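Going by my numbering, the sequence shown opens with residue 124, and the numbers climb by one from there.
Ideal Cβ positions, reconstructed from N, Cα and C, are used throughout, including at glycine.
Since the structure is predicted, the reported quantities are computational estimates derived from the model, not experimental observations.
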Amino acid sequence: MPECNLKANLAKCTCSYPTCSRKGKCCECVMYHRAHGELPGCFFPEDVERTYDRSIKRFIEAYY
124 MPECNLKANL AKCTCSYPTC SRKGKCCECV MYHRAHGELP GCFFPEDVER TYDRSIKRFI
184 EAYY
């Protein structure tokens with residue numbers, strides 16, 4: 124399994140949660156949110172991401 128390129132990931136990470144320990148660690152982020160029935164913040168438009176509502180319902184509302 125390839126190693127995570129944290130520097131490159133951080134440059135593109137859109138997570139606005141200030142104390143997120145998974146920032147730039149995409150594999151950890153996806154697993155965390157999936158375990159909670161959510162999607163990572165990078166799946167959402169910026170204005171929606173800032174609400175911290177990572178629900179699948181909110182994702183669908185944002186795009187449909």
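What residue does the alpha helix (DSSP H) around residue i start on, and which one ends it?
| i | result |
| --- | --- |
| C152 | 149–158 |
| R181 | 179–186 |
| K135 | 129–135 |
| E169 | 169–172 |
Under the rule that 16 or more other beta-carbon atoms within 10 Å means buried, what is residue i, buried or exposed?
| i | result |
| --- | --- |
| K146 | buried |
| R177 | buried |
| E172 | buried |
| C150 | exposed |
| C127 | exposed |
Would you tell me roughly how many angstroms separate the C-alpha atoms of residue i and residue j, rounded to the nearest one?
| i | j | result |
| --- | --- | --- |
| R181 | G164 | 11 Å |
| R157 | I183 | 16 Å |
| A134 | V153 | 17 Å |
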